[in-house]
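Just below is one structure, and these are the notes that go with it.
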C-alpha cells in the first residue's frame with residue numbers, strides 16, 4: 001500500500017540527464033607556406049640561339065648621285081644589358097658615270113647604361129675595317145681608281161627603343177677616330193638600325 005495521507009500526489013521519479021558526448025576535434029592544418037616568386041619559378045637556361053639576334057641598317061639614295069649602303073649585323077647577348085657582335089659593310093657610289101665600291105667588316109660592343117621609359121641609353125664602341133675605293137684626279141681631267149684599307153675606331157652613345165621583349169630599334173651617334181683624308185665618314189657618324197631575335 002502507498003504510504004502517506006489519502007489523496008496526496010505521488011512523487012515523480014527522478015530523471016537522469018544524458019551525459020554530453022565529446023565532439024571530435026577538427027584536424028589541425030598547417031598554413032601553406034608561399035615561396036618567393038624567384039624560388040617558385042626558376043628561369044630555364046637559354047640556349048645559344050636564344051641569345052643571338054640579327055638586323056642592321058641600310059641606306060638608299062638615287063638620282064644623278066647614287067649611294068647604296070648595307071650594314072647587316074649579327075649579335076650575341078652576353079647578358080641582358082651587354083652584347084657583342086660583328087657585321088658587314090658595303091657602299092656603292094655612282095656619280096657622273098663613275099662607280100665606286102667600298103667593302104669591309106666591323107666588330108662592336110654595346111652596353112645598356114640606364115633605362116629610359118621603354119628604352120635604354122646605350123654606350124657603343126666598334127672597329128670598322130674598310131677597303132675604300134677613291135679617285136685620284138689629274139690636271140688633264142683623267143683619273144685613276146685607287147684603293148686603300150682604313151681601320152676606323154668609333155665610340156659614342158645611342159638610344160634603344162624596345163619594340164618587344166627581344167626586338168629593338170637603335171639610334172647611334174658616333175665619333176670616328178680616323179682622320180685619314182680618304183675617310184668616307186664625317187663626324188659625327190649617325191646610324192640607325194633594328195635588332196631582331198633569331199627565335200622568339
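Numbering (the UniProt record's numbering), first residue to last: 1 to 200. Where is the CB? At the ideal position from N, CA and C, for every residue including glycine.
Range covered by the beta strand (DSSP E) that runs through residue i
i: residue 200; result: Careful: residue 200 lies outside any beta strand (DSSP E) and carries neither H nor E.
i: residue 125; result: 119–137
i: residue 168; result: 168–176
i: residue 149; result: 143–162
Buried versus exposed, by CB contacts within 10 Å (16 or more), residue i
i: residue 73; result: buried
i: residue 200; result: exposed
i: residue 140; result: exposed
i: residue 158; result: buried
i: residue 135; result: exposed
i: residue 60; result: exposed
i: residue 176; result: buried
i: residue 170; result: buried
Nonlocal neighbours in the same chain, by C-beta distance under 6 Å from residue i, ignoring five residues either side
i: residue 75; result: 53, 83 and 85
i: residue 127; result: 107 and 153
i: residue 124; result: 110, 156, 158 and 172
i: residue 187; result: 175 and 176
i: residue 198; result: 49 and 52
Own chain partners of residue i with C-beta closer than 7 Å, once the 5 adjacent residues on each side are dropped
i: residue 118; result: 161 and 162
i: residue 103; result: 89, 90 and 131
i: residue 56; result: 71, 72, 73, 87 and 193
i: residue 112; result: 81, 120, 122 and 160
Contact check, residue i vs residue j, beta carbons under 8 Å
i: residue 146; j: residue 183; result: no
i: residue 66; j: residue 58; result: no
i: residue 133; j: residue 174; result: no
i: residue 164; j: residue 195; result: no
i: residue 129; j: residue 97; result: no
Sequence-distant residues of its chain with Cβ nearer than 8 Å to residue i (five each side left out)
i: residue 116; result: 159
Which runs of the beta strand (DSSP E) fall wholly inside the stretch 38–122 and span at least 3 residues, in chain order?
52–61, 65–77, 82–95 and 98–116
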